[in-house]
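**Q** A single structure is presented below for examination.
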Amino acid sequence: MDSYAEELEKIMAVLKTSPRGMSVSDIAAHISLNRNTVSRYLDMLRISGQVDMKNYGKAKVFFISQRAPISAIINFSSDMVVVLDSSQVIVQANDHLCNMIGIAKEDLIGEEIRNSALVGFDHPLINNKIQSALEGQETTDEIRIVRGGEEHFYRIRIIPTVLSDSSPGVTVILYHIQNRRNRLKMNFYKLDEMYLC
Numbered sequence: 001m002d003s004y005a006e007e008l009e010k011i012m013a014v015l016k017t018s019p020r021g022m023s024v025s026d027i028a029a030h031i032s033l034n035r036n037t038v039s040r041y042l043d044m045l046r047i048s049g050q051v052d053m054k055n056y057g058k059a060k061v062f063f064i065s066q067r068a069p070i071s072a073i074i075n076f077s078s079d080m081v082v083v084l085d086s087s088q089v090i091v092q093a094n095d096h097l098c099n100m101i102g103i104a105k106e107d108l109i110g111e112e113i114r115n116s117a118l119v120g121f122d123h124p125l126i127n128n129k130i131q132s133a134l135e136g137q138e139t140t141d142e143i144r145i146v147r148g149g150e151e152h153f154y155r156i157r158i159i160p161t162v163l164s165d166s167s168p169g170v171t172v173i174l175y176h177i178q179n180r181r182n183r184l185k186m187n188f189y190k191l192d193e194m195y196l197c
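If you read the sequence shown in UniProt numbering, its first letter stands for residue 1, the second for the next number, and so on.
Right under this line is the structure:
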């Protein structure tokens with residue numbers, strides 16, 4: 001094993017013992033390494049998303065990241081999920097989305113959204129919300145998609161995301177709300193009938 005990989009493991013092990021976090025000096029003292037070397041390793045761990053940092057005055061406190069990588073969780077979602085980079089190139093998509101649009105994931109990833117099977121998302125309103133997400137603002141709306149002559153209603157969440165290379169991105173989540181809308185409509189009709197009787 002490389003010596004730097006062993007040292008990264010030592011840093012992670014020390015941070016796991018201190019959930020409130022540790023300064024660079026504290027970590028260096030615990031594992032008997034030069035402070036500058038520890039700082040460089042912490043930067044590597046931050047870029048990979050394994051470690052987070054908070055500033056407390058002039059001190060920087062490092063702790064184990066509580067984030068799960070998107071790639072590990074999007075396929076477990078029953079919602080449709082697509083991840084875009086800042087140029088609106090598709091970085092990831094889950095199986096549920098690919099099955100819904102009938103395309104292989106490999107044919108979707110790496111394509112600009114406007115040149116892909118998701119061209120329907122290349123709409124000025126959605127583009128504005130994607131731009132807002134790149135600036136840090138999360139949005140939730142309802143949209144209507146007509147597919148095969150049938151209307152489908154979805155809740156769309158557009159969430160600011162940090163990609164694995166630490167660049168900004170956007171996660172778009174679609175949740176099918178057709179059944180909920182139908183139930184609400186039926187309840188409305190029942191209330192209307194009760195009121196008329």
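All residues carry an ideal CB built from backbone N, CA and C; glycine is no exception. Note that the coordinates shown come from a computational prediction; the quantities given were computed from them, not determined experimentally.
Nearest-angstrom Cα distance between Y175 and T139?
**A** The straight-line gap from Cα to Cα measures roughly 14 angstroms.
**Q** What residues in its chain sit with their C-beta under 8 angstroms from that of S23, if we drop five residues either side in the sequence?
**A** Excluding residues within five positions, the ones whose Cβ falls inside 8 angstroms are A59, K60, V61, F62.
**Q** Could you check whether the segment 48 to 59 touches the segment 91 to 103, counting it as contact only if at least three pairs of C-beta atoms, one from each stretch, sit closer than 8 angstroms?
**A** Short answer: they don't touch.
**Q** For M1, is the classification buried or exposed, using 16 other Cβ atoms within 10 angstroms of its Cβ as the cut-off for buried?
**A** A caution first: M1 carries a pLDDT of 45, below 50, which makes its placement in the model unreliable, though a value can still be read off. Exposed: under 16 other Cβ atoms inside 10 Å.
**Q** Identify every residue that forms a DSSP beta bridge with E150.
**A** In DSSP, E150 forms a bridge with R147.
**Q** Please specify which runs of the alpha helix (DSSP H), each continuous and at least 4 residues long, are wholly inside the segment 22 to 89, giving them in chain order.
**A** DSSP runs (the alpha helix (DSSP H)) wholly in the segment 22 to 89: 24 to 31, 35 to 47, 70 to 73.
**Q** Does the structure place the segment 147 to 155 close enough to the segment 125 to 138 that three or more beta carbon pairs sit under 8 angstroms?
**A** Flag = no, the segment 125 to 138 and the segment 147 to 155 do not touch.
**Q** Can you have a look at Y81 and say buried or exposed, based on whether 16 or more other CB atoms are within 10 angstroms of its CB?
**A** According to the sequence displayed, residue 81 carries Val and not Tyr. The residue in question, V81, is buried, as its Cβ has 16 or more Cβ neighbours within 10 Å.
**Q** Put H96 into one of helix, strand or coil per three-state DSSP.
**A** Three-state DSSP puts H96 in a helix.
**Q** With DSSP as the reference, label I126 as helix, strand or coil.
**A** It is helical.
**Q** Just verifying my parser: in three-state terms, what is the DSSP assignment at M1?
**A** In this prediction, M1 scores a pLDDT of 45, lower than 50, which makes its location untrustworthy; no coordinate-derived value is stated.
**Q** May I ask you to check if the CB of H152 is nearer than 6 angstroms to at least one heavy atom of the ligand SAH?
**A** The ligand content of the structure shown is nil, which means the ligand SAH is not present either.
**Q** In the DSSP assignment, find the beta strand (DSSP E) that holds L174 and state where it starts and stops.
**A** Here the beta strand (DSSP E) through L174 covers 168 to 176.
**Q** Is it buried or exposed, S86, if we count other Cβ atoms within 10 angstroms and call 16 or more buried?
**A** Exposed, because fewer than 16 other Cβ atoms sit within 10 Å of the Cβ of S86.
**Q** Might you give, ordered along the chain, the residues of its own chain that have their beta carbon closer than 6 angstroms to the beta carbon of I38, omitting 5 neighbours on each side?
**A** Rather than Ile, the amino acid found at residue 38 in this sequence is Val. So the list reads V24, I27, A28, once near-sequence residues are dropped.
**Q** Where do the ends of the alpha helix (DSSP H) carrying D107 lie?
**A** Looking at the DSSP string, the run of the alpha helix (DSSP H) that includes D107 is 105 to 108.
**Q** Contact defined as beta carbons within less than 8 angstroms: I believe V172 pairs with L84. What is the distance between those atoms, to the nearest angstrom?
**A** Going by Cβ atoms, the distance from V172 to L84 rounds to 7 angstroms, so yes, they are a contact pair.
**Q** At the level of alpha carbons, what is the spacing between I11 and Q66?
**A** Roughly 16 angstroms between the two C-alpha positions.
**Q** On the DSSP bridge list, what partners appear for E142?
**A** Note: E142 sits in a beta bridge opposite R155.
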